[in-house]
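Participant:
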Amino acid sequence: MPLHRHAGRLLLTAIAVVGLLFSGLSLGAAAQDDVEISYFTFSAAPDQMDTLEAMIAVFEEQNPGITVNVETAPFSDYFTELQTRIAAGDAPDVFELNYENFVTYASKGVLLDVSDRLAADPTVAESIYPKALEAFAQDGAQFGLPASFSNVVLFYNKDLFDAAGVEYPTADWTWEDELAAAQKLTNADEGIWGMNAPVTYNEFYKTAAQNGCEIVAADGSVTIDQPACVEALQFMVDPVANLNVQPSEADLSGVGDTDLFLQGQIAMITTGIWMIPAFSEAPFAWDIALEPGNTTKAHHFFSNAVAISTDTENADAAWAWQSFLSASPDAAKLRVEANWELPAVTDQTLLDSWLAQTPPDSREVVFEALETLVTPPPFTNQALVQDELNTLFQRVLAGELTAEEALAEAKTTIEAALGE
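Each residue of the sequence shown is one higher than the last, beginning at 0 in numbering that gives the first Met the number 0.
1) Can you give me the Cβ contacts of residue 208 inside the same chain, cut-off strictly under 6 Å, excluding the 5 residues immediately before and after it?
2) Determine the DSSP secondary structure at residue 100, reduced to helix, strand or coil.
3) Decide yes or no for the touch test of the segment 186 to 195 against the segment 292 to 312: beta carbon pairs closer than 8 Å, at least 3 of them.
4) Which residues share a DSSP beta bridge with residue 411?
5) Residue 303 lies in the beta strand (DSSP E); which residues open and close that run?
6) Taking the alpha carbon of residue 135 as the point to measure from, which residue in 113, 154, 121 and 153 has its own alpha carbon closest?
7) What does DSSP give as the partner residues of residue 155 in its beta bridges?
8) Could you have a look at residue 222 and say whether DSSP puts it in helix, strand or coil?
9) Mapping the DSSP letters down to three states, classify residue 280 as helix, strand or coil.
10) Give the list of continuous beta strand (DSSP E) stretches no shorter than 3 residues that lie fully inside the segment 127 to 179.
11) Please go through the segment 350 to 380 and give each complete beta strand (DSSP E) segment of 3 or more residues, from N-terminal end onward.
12) CA-CA distance, residue 204 and residue 59?
13) Please determine, among 368, 412 and 366, the residue with the shortest C-alpha to C-alpha distance to residue 385.
14) Any idea which residues DSSP pairs residue 275 with across the strands?
15) Taking Cβ to Cβ, would you say residue 269 is nearer than 7 Å to residue 196?
16) Taking the continuous alpha helix (DSSP H) assigned at residue 55, which residues delimit it?
17) Check for me: the beta strand (DSSP E) holding residue 210 runs from which residue to which?
18) Buried or exposed for residue 253, please, with buried defined as at least 16 other CB atoms from any protein chain shown within 10 angstroms of its CB.
19) I'd like the span of the beta strand (DSSP E) that includes residue 65, first residue to last.
20) Can you confirm whether residue 216, when its beta carbon is compared against all beta carbons of chain B, has any partner nearer than 7 Å?
21) Could you name the residues that DSSP lists as bridge partners for residue 192?
22) How long is the line joining the alpha carbons of residue 327 and residue 131, rounded to whole angstroms?
23) Please report the distance separating the alpha-carbon of residue 237 from that of residue 109.
24) Would you kindly report the start and end of the unbroken beta strand (DSSP E) that includes residue 327?
25) Where do the ends of the alpha helix (DSSP H) carrying residue 41 lie?
26) Less than 8 Å between the CB atoms is what I'm expecting for residue 324 and residue 305, so what's the real figure, rounded?
27) Please classify residue 400: does DSSP put it in a helix, a strand, or coil?
28) Are at least three pairs of beta-carbons, each pair with one atom in the segment 37 to 48 and one in the segment 73 to 80, less than 8 Å apart?
29) On the three-pair Cβ rule with 8 Å, is the segment 146 to 159 touching the segment 267 to 281?
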């Protein structure tokens, strides 16, 4: 059900309008008959509802006659509820999609193609980071606009590096450099591990790309069992199973890897930039760097997009809200100020305040990583494939399968998924 506008809405409206009304162009429709649209989101609640309300205040001021009603669900329930509503013919006008689920919904024909609208308003496309925009296109049609993004980089404890006499990571580091540093940084007597990176499918497709290996080739053939992919999986497993420079699940004993990093017990950790606020409380000096690659660089790209239902009766108003959330400088400023991920915008001045914050000192690395972004192969049943491959990878860690055997089985799994 739509959320009731809380009492602070009037104050948010005043603050947002006074501060932002003249700061950016309006991307919405002209004044029209009163229209209400529903917006379904998982990322706003509970921590960013005030930010979203401030965005709505600015949008409605710039687009007289359009009212946005917000509906939320926790991520764990969101896609089940969304699927149920779409099947029942009760889809929200506009809704949020993460990249991992985008392909599934785009392939079902439930997302409005906004290609013509995008072409008719070039200021929108020009305002969005090109590779982020491309991620939400399929077969030449634009089915979503990115509203926010995050990625994964290498975080490192500068104090531990200094104590061990190890040089800080550089942009030209390779896997070999990372492993060599991890071995020097590991100190079993003091409970310090040299590195940590998840041994999961989400980590694997990116690591494989760092070795020039595709899971699915351009011609549609499944190539996950190729030698370069086997080498990538072995590189992920070795720090835990053979080199003892990364904690196993048993070593973690239920403590999160990010918690161990905060406690100064992991020298390098591969994780998302969403951890920057939490790590800012660390009692030691730390920074970030591009991930090491082997034959090339590759970095994750996670993004939440805004999509419009094909069943909406208010496509113009829905487009105005969709393009505002994705491309408006006003929405971008509010997102940055609230530290609600990052807007996928081309105007770097909108991000100056974020870049100026420390730690880390090297925040520009976050945007450098976008130059080598990779996304997972577009399976319509991502969750099933991930679960089955994660099980295979755990069997490699346990010594039950070799990397080669696991990826041979993974090929069969993926071929079956693609055939459905």
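All C-beta atoms, glycine included, are put in the ideal place defined by N, C-alpha and C.
Facilitator: Per the coordinate set shown:
1) Here residue 208 has 297 and 373 as same chain residues with Cβ atoms under 6 Å from its own Cβ, once five neighbours each way along the sequence are excluded.
2) Residue 100 sits in a helix when the DSSP states are folded into three classes.
3) Touching, no.
4) The partner list for residue 411 (beta bridge, DSSP) is empty, contrary to what the question assumes.
5) 301 to 307 is the span of the beta strand (DSSP E), which, as asked, contains residue 303.
6) The candidate whose alpha carbon is nearest that of residue 135 is 113.
7) DSSP, once it has assigned bridges, lists 267 and 286 as partnering residue 155.
8) Looking at residue 222 - three-state DSSP - the assignment turns out to be coil, as it is neither helix nor strand.
9) In the structure shown, residue 280 adopts coil according to DSSP, grouped into three states.
10) Here the runs fully enclosed are 144 to 149 and 151 to 156.
11) Within the segment 350 to 380, no complete beta strand (DSSP E) run reaches 3 residues.
12) Those two C-alpha atoms are separated by around 41 Å.
13) 412 is the residue among 368, 412 and 366 whose C-alpha sits nearest the C-alpha of residue 385.
14) Answer by DSSP bridge pairing: none, since residue 275 is not bridged.
15) Against a cut-off of 7 Å, the Cβ pair of residue 196 and residue 269 comes out as a contact.
16) Where residue 55 is concerned, the enclosing alpha helix (DSSP H) stretches over 48 to 61.
17) For residue 210, there is no enclosing beta strand (DSSP E), as DSSP marks it with neither H nor E.
18) By the neighbour-count rule (16 or more Cβ atoms within 10 Å), residue 253 is not buried but exposed.
19) Counting along the chain, the unbroken beta strand (DSSP E) around residue 65 starts and ends at 65 to 71.
20) Judged by its chain identifiers, the structure shown contains no chain B, having just a single protein chain.
21) According to DSSP, residue 192 shares a beta bridge with 265.
22) One alpha carbon belongs to residue 327, the other to residue 131, and they sit about 15 Å apart.
23) Looking at the two C-alpha atoms, the distance is approximately 43 Å.
24) Here residue 327 belongs to no beta strand (DSSP E), and DSSP marks it neither H nor E.
25) No alpha helix (DSSP H) holds residue 41; DSSP gives it neither H nor E.
26) Residue 305 and residue 324 do touch by the CB rule: their CB atoms are close to 5 Å apart, below 8 Å.
27) In this structure, residue 400 counts as coil in the three-state DSSP scheme.
28) Touching, yes, given that three or more Cβ pairs across the two stretches are closer than 8 Å.
29) Because the criterion of three Cβ pairs below 8 Å is met, the segment 146 to 159 and the segment 267 to 281 touch.
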